[in-house]
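Novice: Numbering (the numbering used here), first residue to last: 897 to 1005. All C-beta atoms, glycine included, are put in the ideal place defined by N, C-alpha and C.
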């Protein structure tokens, strides 16, 4: 945890522009391999790995050490959409969908 005395402002516009460029590249990459489930699965796994790396490393290290600052950060997070989460389709759920025939209808759409 950091021991800074104030919560820093949101990332500057330059950071957001760079982030948007990277996200657009990832989206384009996903489009390139849209008919390749193995490649898309690899992409999803790497994104989840990156999410965990950032969460457990830089993000956790950047949390304020001061209780009031941490509370303010948590309130700000809640106002802006809460904790970022990458939902997973459970393999068992997917298999159940295949057996029930719902997956065929979903894949046909």
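Can you list, in chain order, the stretches of the alpha helix (DSSP H) that have 4 or more residues and sit fully within the segment 927 to 968?
Specialist: Listed in chain order, the complete alpha helix (DSSP H) runs (minimum 4 residues) inside the segment 927 to 968 are 933 to 950.
Novice: Quick one: what does DSSP say residue 908 is sitting in, helix, strand or coil?
Specialist: Residue mapping note: residue 908 aligns to position 12 of the chain shown, counting from 1. Reduced to three states, the DSSP call for residue 908 is coil.
Novice: Give me, in chain order, the residues of the same chain whose beta-carbon lies closer than 7 Å to that of residue 962; leave out the 5 immediate sequence neighbours on both sides.
Specialist: Your numbering for residue 962 matches position 66 in the chain shown. Answer for residue 962: no residue qualifies.
Novice: Tell me whether residue 960 is buried or exposed, calling it buried when 16 or more other Cβ atoms sit within 10 Å of its Cβ.
Specialist: Position 64 of the chain shown holds residue 960. Answer is buried; the Cβ neighbour count reaches 16.
Novice: Excluding the 5 residues preceding and the 5 following residue 982 in the sequence, name in chain order all residues of the same chain whose CB lies nearer than 6 Å to its CB.
Specialist: Here residue 982 is taken as the residue at index 86 of the chain shown, counted from 1. The answer, listed in chain order, is 944 and 947.
Novice: In angstroms with no decimal places, state the Cα-to-Cα distance between residue 939 and residue 971.
Specialist: Working through the chain shown from its first residue, we reach residue 939 at position 43. Working through the chain shown from its first residue, we reach residue 971 at position 75. Near 32 Å, if we compare the C-alpha coordinates of residue 971 and residue 939.
Novice: Using DSSP with H/G/I as helix, E/B as strand and the rest coil, what is residue 899?
Specialist: Counting from one through the chain shown, the residue named residue 899 turns up at place 3. Model confidence at residue 899 stands at a pLDDT of 46, short of 50, so the residue's coordinates are unreliable and nothing is read from them.
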